[in-house]
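Asks: Under the working numbering, the residue at position 146 of the sequence shown is numbered 151, and the numbers go up by one with no gaps.
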Amino acid sequence: MSLFPARSPRPVRRWQHGNAGVLRGVPCRRMHRGRPVRRSTTSGPAADRTTEGVEGMDRPVIGIFGAGKVGTALARLLVASGHRVLIAGSPRQTALDLVVGVVAPGTEVASPDALVAAADVIVVAVPFGKAGTVPWGSFDGRIVVDAMNYWPPIDGAIPEVDADPRSTSEINAARNPAARLVKSLNHLGYHEMEDDSMPPGSTLRRALAVVGDDPEARRVIARLIDAIGFDPVDGGALAHGVLLEPGHPVFGRELSCAELGALLTPRAPEAAAA
Numbered sequence: 006m007s008l009f010p011a012r013s014p015r016p017v018r019r020w021q022h023g024n025a026g027v028l029r030g031v032p033c034r035r036m037h038r039g040r041p042v043r044r045s046t047t048s049g050p051a052a053d054r055t056t057e058g059v060e061g062m063d064r065p066v067i068g069i070f071g072a073g074k075v076g077t078a079l080a081r082l083l084v085a086s087g088h089r090v091l092i093a094g095s096p097r098q099t100a101l102d103l104v105v106g107v108v109a110p111g112t113e114v115a116s117p118d119a120l121v122a123a124a125d126v127i128v129v130a131v132p133f134g135k136a137g138t139v140p141w142g143s144f145d146g147r148i149v150v151d152a153m154n155y156w157p158p159i160d161g162a163i164p165e166v167d168a169d170p171r172s173t174s175e176i177n178a179a180r181n182p183a184a185r186l187v188k189s190l191n192h193l194g195y196h197e198m199e200d201d202s203m204p205p206g207s208t209l210r211r212a213l214a215v216v217g218d219d220p221e222a223r224r225v226i227a228r229l230i231d232a233i234g235f236d237p238v239d240g241g242a243l244a245h246g247v248l249l250e251p252g253h254p255v256f257g258r259e260l261s262c263a264e265l266g267a268l269l270t271p272r273a274p275e276a277a278a279a
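1. Grouping DSSP H, G and I as helix and E and B as strand, with all else coil, what is residue 233?
2. Which class does residue 280 belong to by DSSP, given the choice of helix, strand or coil?
3. Applying the criterion that 16 or more other CB atoms from any shown protein chain within 10 Å of the CB defines a buried residue, is residue 246 buried or exposed?
4. Specify the secondary structure class of residue 259 as computed by DSSP and reduced to three states.
5. Taking the C-alpha atoms as reference points, what is the distance between residue 240 and residue 191?
6. Considering Cα atoms alone, identify which of 133, 90, 86, 203 is closest to residue 2.
7. Among 65, 155, 84, which has the Cα closest to the Cα of residue 124?
8. Identify every run of the alpha helix (DSSP H) within the region 84 to 165, keeping only runs that are complete inside it and at least 4 residues long; order them along the chain.
9. My output table needs one value for residue 217: the three-state DSSP class, helix, strand or coil.
10. Opposite residue 200 in the DSSP bridges: which residues?
11. Take residue 51 and list the residues in its own chain whose beta-carbon comes closer than 7 angstroms to its own, dropping the five residues that flank it on each side.
12. Just mark residue 38 as buried or exposed, buried being the case when its beta carbon has 16 or more other beta carbons within 10 Å.
13. In the DSSP assignment, find the beta strand (DSSP E) that holds residue 185 and state where it starts and stops.
14. Helix or strand or just coil, what does DSSP make of residue 45?
15. Per DSSP, what kind of secondary structure is residue 238 in: helix, strand or coil?
16. Which one of 167, 261, 229 has the shortest CA to CA distance from residue 210?
17. Confirm, please, whether the CB-CB distance from residue 136 to residue 89 is below 9 angstroms.
18. Return the residue from the list 72, 223, 236 that minimises the CA-CA distance to residue 203.
19. Label residue 118 either buried or exposed according to how many other C-beta atoms from any shown protein chain fall within 10 Å of its C-beta, with 16 as the threshold for buried.
20. Are at least three pairs of beta-carbons, each pair with one atom in the region 94 to 112 and one in the region 144 to 151, less than 8 angstroms apart?
21. Residue 246 lies in the beta strand (DSSP E); which residues open and close that run?
22. How do the region 103 to 111 and the region 68 to 78 stand: do at least 3 beta-carbon pairs fall below 8 angstroms, yes or no?
23. Do residue 121 and residue 131 have their C-beta atoms within less than 9 angstroms of each other?
24. Please classify residue 165: is it buried, with 16 or more other beta-carbons within 10 angstroms of its beta-carbon, or exposed?
25. Taking the straight line between their C-alpha atoms, what separation do you get for residue 174 and residue 232?
26. Using 8 angstroms for Cβ pairs, my map puts residue 72 next to residue 101. What's the rounded Cβ distance?
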């Protein structure tokens, strides 16, 4: 059960039956099989940072913006799965090296510039209200995971977000249209990440959704999700990320691959009565 406090959902558009051909749940196992993989051995500007290059990596380098509870829980899982992980926190966080060394051993503390230079995949896990402090302009061509949630009790009400018909990830994607943004890792609590992580094939393995407009970027993140102990489910286009937001059917629920796929797929129109 999720420990997130309940809130009323902000006004959003609802998906109609006509979207069924676009919004689809894809069986988990079909998301992370593919071409032979290789490990990332190069960091910095010379590294192959095209989506195809990152997709071919066995263990891409992960950079996390946000050294709070979500960022450090995710860092622990990624380090345990064999990834090199860098993390950047708020400038106001003191003794960050010491804190990260205790709560996420093996994770490297880095400046924002150093993180962007080294990371193959970037995860943004700062409070939604702080999203503007992240260097989005440096993310050209990068796969970026939006793991944030708009949470008025923490962020305060943001009238322009409340009035915007787009999903919050579409709003963030507009900060840099050249980034390959994927929505994922936001619809479970930080306290559930390690507790619910299970090996492949476990009957009770929890499923996590992956949505984004770049299919290859979705596959890269699906493989990461599988590596840290969850079944990935393809939710299609980035606009469908609204279904993962607080107040919507997927958020905070422990679901299997089949259950999550069903929630991400609108029911076909009922046949007209004869």
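Cβ coordinates follow ideal geometry from the N, Cα and C atoms, glycine included. Predicted model, so just to flag it, every value in this text is computed and none were measured.
Replies: Well, looking at it:
1. Taking the first residue of the sequence shown as 1, we reach residue 233 at position 228. Residue 233 falls in the coil class under three-state DSSP.
2. Outside the shown range of the chain, which is 6 to 279, sits residue 280, and nothing can be said about it.
3. For the purposes of this step, residue 246 is taken as residue 241 along the sequence shown, with counting starting at 1. The residue is buried, with at least 16 neighbouring Cβ atoms inside 10 Å.
4. What you label residue 259 is simply residue 254 of the sequence shown in a count that begins at 1. Secondary structure of residue 259 (DSSP, three-state): coil.
5. What you label residue 240 is simply residue 235 of the sequence shown in a count that begins at 1. What you label residue 191 is simply residue 186 of the sequence shown in a count that begins at 1. Near 14 angstroms, if we compare the C-alpha coordinates of residue 191 and residue 240.
6. What the structure shows of the chain is the stretch from 6 to 279, and residue 2 is not part of that stretch, so it cannot be assessed.
7. For this step, residue 124 is matched to residue 119 along the sequence shown. Comparing Cα positions, the closest option is 65.
8. List check, alpha helix (DSSP H) in window: 101 to 108, 117 to 123, 157 to 160.
9. By one-based count along the sequence shown, residue 217 stands at place 212. Note: residue 217 maps to strand in three-state DSSP.
10. Here residue 200 corresponds to residue number 195 of the sequence shown, with the count starting at 1. The beta-bridge partner set that DSSP reports for residue 200 is empty.
11. As a first step, residue 51 must be located in the sequence shown, where it is residue number 46. Residue placement at residue 51 is flagged as unreliable, the pLDDT there being 36, under the threshold of 50; the coordinate-derived value follows with that caveat. For residue 51, where only same-chain residues beyond five positions count, there are no Cβ hits under 7 angstroms.
12. By 1-based counting over the sequence shown, the position of residue 38 is 33. The pLDDT assigned to residue 38 is 39, lower than 50, so where the model puts this residue is not dependable, and the model offers no usable value.
13. For the purposes of this step, residue 185 is identified with residue 180 of the sequence shown, where counting begins at 1. Element bounds for residue 185: 185 to 188.
14. Counting from one through the sequence shown, the residue named residue 45 turns up at place 40. Because residue 45 sits at a pLDDT of 48, beneath the cut-off of 50, its placement in the model cannot be relied upon, and the point is left open.
15. Residue numbering aside, residue 238 sits at position 233 when the sequence shown is read from its first letter. In the structure shown, residue 238 sits in a strand (DSSP, three-state: E or B).
16. As a first step, residue 210 is located in the sequence shown; it is residue number 205 there, counting from the start. Out of 167, 261, 229, 261 has the C-alpha closest to the C-alpha of residue 210.
17. In the sequence shown, counting from the first residue as 1, residue 89 sits at position 84. In the sequence shown, counting from the first residue as 1, residue 136 sits at position 131. Going by C-beta atoms, residue 89 is not nearer than 9 angstroms to residue 136.
18. Here residue 203 refers to the residue found at position 198 when the sequence shown is read from its first residue. With respect to the C-alpha of residue 203, the residue from 72, 223, 236 having the closest C-alpha is 236.
19. Against the sequence shown, residue 118 aligns to sequence position 113. By the 10 Å Cβ count, residue 118 comes out exposed.
20. Taking a contact to require three or more Cβ pairs closer than 8 angstroms, the region 94 to 112 and the region 144 to 151 do not qualify as touching.
21. Taking the sequence shown and counting its residues from 1, one reaches residue 246 at position 241. First-last for residue 246: undefined, no H or E at that position.
22. Yes, they touch.
23. By one-based count along the sequence shown, residue 121 stands at place 116. By one-based count along the sequence shown, residue 131 stands at place 126. No.
24. Position 160 of the sequence shown, counted from the first residue, corresponds to residue 165. With fewer than 16 other Cβ atoms within 10 Å, it is exposed.
25. Counting from one through the sequence shown, the residue named residue 174 turns up at place 169. Counting from one through the sequence shown, the residue named residue 232 turns up at place 227. When the Cα atoms are used, residue 174 and residue 232 turn out to be separated by approximately 24 angstroms.
26. Taking the first residue of the sequence shown as 1, we reach residue 72 at position 67. Taking the first residue of the sequence shown as 1, we reach residue 101 at position 96. About 6 angstroms; that satisfies the 8 angstroms criterion.
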